[in-house]
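Novice: The sequence shown begins at 1 in full-length UniProt numbering and counts up by one.
Every residue gets a Cβ at the ideal spot worked out from N, C-alpha and C, and that includes glycine.
Since this is a predicted model, take the numbers as computed values, not measurements.
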Amino acid sequence: MSDGNNIVRAAITQATWTGDEESMIVKHEGFVRTAAEQGAQIICFQELFHGPYFGIVQDSKYYEFAHRVPGPLVERFQKLAAECNMVIVLPVYEEEQPGVLYNTAVVIDADGTVLGKYRKHHIPHLPQFWEKFYFRPGNLGYPVFDTKVGKVGIYICYDRHFPEGWRELGLNGAEIVFNPSATKPGLSNRLWELEQPAAAVANQYYIGANNRIGNEADEFGDEAVTFYGSSYFVDPQGNYVGDRASTGTEEILIRDLDLGLIREVRNSWQFYRDRRPDSYESITAP
Numbered sequence: 001m002s003d004g005n006n007i008v009r010a011a012i013t014q015a016t017w018t019g020d021e022e023s024m025i026v027k028h029e030g031f032v033r034t035a036a037e038q039g040a041q042i043i044c045f046q047e048l049f050h051g052p053y054f055g056i057v058q059d060s061k062y063y064e065f066a067h068r069v070p071g072p073l074v075e076r077f078q079k080l081a082a083e084c085n086m087v088i089v090l091p092v093y094e095e096e097q098p099g100v101l102y103n104t105a106v107v108i109d110a111d112g113t114v115l116g117k118y119r120k121h122h123i124p125h126l127p128q129f130w131e132k133f134y135f136r137p138g139n140l141g142y143p144v145f146d147t148k149v150g151k152v153g154i155y156i157c158y159d160r161h162f163p164e165g166w167r168e169l170g171l172n173g174a175e176i177v178f179n180p181s182a183t184k185p186g187l188s189n190r191l192w193e194l195e196q197p198a199a200a201v202a203n204q205y206y207i208g209a210n211n212r213i214g215n216e217a218d219e220f221g222d223e224a225v226t227f228y229g230s231s232y233f234v235d236p237q238g239n240y241v242g243d244r245a246s247t248g249t250e251e252i253l254i255r256d257l258d259l260g261l262i263r264e265v266r267n268s269w270q271f272y273r274d275r276r277p278d279s280y281e282s283i284t285a286p
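(1) May I have the straight-line CA-CA distance separating MET1 from GLU168, to the nearest angstrom?
(2) Report the option in GLY165, LYS184 and ARG266 whose CA atom is closest to the CA atom of ILE283.
(3) Roughly how many angstroms lie between the CA atoms of TYR102 and PRO185, to the nearest whole one?
(4) Just how far apart, CA to CA, sit ASN6 and GLU29?
(5) Which of the three DSSP states is assigned to GLY116 in this structure?
(6) Kindly indicate the opening and closing residues of the beta strand (DSSP E) around ALA105.
(7) Kindly indicate which residue of TYR134, ASN189, TYR118 and GLN38 has the alpha-carbon position closest to the one of ASP159.
(8) Do SER231 and LEU253 come within 8 Å of each other at the CB atom, strictly closer than that value?
(9) Let's test the definition: count the other Cβ atoms within 10 Å of the Cβ of GLU223 and tell me whether it reaches 16, buried, or not, exposed.
(10) What does the alpha-carbon distance come out to for the pair GLU219 and PHE162?
(11) Taking 8 Å as the cut-off, does the stretch 35-54 touch the stretch 8-24 (at least 3 CB pairs, one atom from each stretch)?
(12) When you compare only the Cα positions, how much space is there between THR226 and ARG136?
(13) Let's test the definition: count the other Cβ atoms within 10 Å of the Cβ of LEU261 and tell me whether it reaches 16, buried, or not, exposed.
(14) State the DSSP-derived secondary structure class of GLN14, mapped to helix, strand or coil.
(15) Can you tell me which of GLN46, TYR205, ILE154 and PRO127 puts its alpha carbon nearest to the alpha carbon of ARG263?
(16) Should THR249 go down as buried or exposed, given a rule of 16 or more other Cβ atoms within 10 Å for buried?
(17) Out of VAL69, PHE54 and ARG68, which has the shortest C-alpha to C-alpha gap to TYR62?
(18) Could you check the C-alpha separation between PRO236 and ASP59 for me, to the nearest Å?
(19) Give a yes or no on contact between the stretch 195-203 and the stretch 19-29, applying the rule of three or more CB pairs nearer than 8 Å.
(20) Between GLU21 and PHE65, is the Cβ-Cβ spacing less than 8 Å?
(21) How about VAL69 and THR104: do their beta carbons lie closer than 8 Å?
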């Protein structure tokens, strides 16, 4: 746990799909350099940042977006992390081997070292979110990565509806948890306002929640949805850190996070002391 007045300048991005993977990667390399110029020490991209959100449809051609981890895509951002002295959270489509595919986030430390990866656990299979066609459920637990700027956890998009994983990340020592997402309008608009602040309060850490923007109609035609951005950081008291991002403009949202607030909040509200895991029998029952 960080002590005292430990300020981390953190960044999250929301971006539109360019239409091809290479230009999407180049765009995000630009985001890293721009954020570095503004003093950011850590950055997290949106879910599956290097492609469209292909869960809209079920089409095997999108398996071609999967990358080895580590591999050439990750290596590009390892070099960039070292160049910019910045921690990078890289949400990618991972191919462990042909036919074994995951929705993954790789954590690269500020010296370019790959610290590890998180694989999305909770995989939806709903209209326009046909993710079981593309991903196996995560199998690497809820790791927390000891980065140059603090202890960082990842929880990806649909995961956020499941409070158990948020708590696992807290128990594993997370100070900042990133929740890269691809979220469409509807019921989720209200949940977007509620769930991450509630999780930040219940688990007493910072959360950076980012969403795509734009409409990928050129890719998916009438099936396409319009992602609504509204990316934000929230502190352990459930308050937004500055304003939320727009609903439709490409942005790098940069905020200063005082990790000293975590100790202050936990000393005031002893949720970790007063929790009763011995009584929660139904939660882990098969």
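Specialist: Answer, in terms of the structure:
(1) Because MET1 sits at a pLDDT of 45, beneath the cut-off of 50, its placement in the model cannot be relied upon, and the point is left open.
(2) GLY165
(3) 25 Å
(4) 27 Å
(5) strand
(6) Its beta strand (DSSP E) spans residues 100-108.
(7) TYR118
(8) yes
(9) Exposed: under 16 other Cβ atoms inside 10 Å.
(10) 30 Å
(11) yes
(12) 26 Å
(13) It is buried - the Cβ of LEU261 has at least 16 other Cβ atoms within 10 Å.
(14) In the displayed model, GLN14 falls within a strand according to three-state DSSP.
(15) Nearest to ARG263 by alpha-carbon distance, out of GLN46, TYR205, ILE154 and PRO127, is TYR205.
(16) exposed
(17) PHE54
(18) Going from the Cα of PRO236 to the Cα of ASP59 covers about 40 Å.
(19) no
(20) yes
(21) yes
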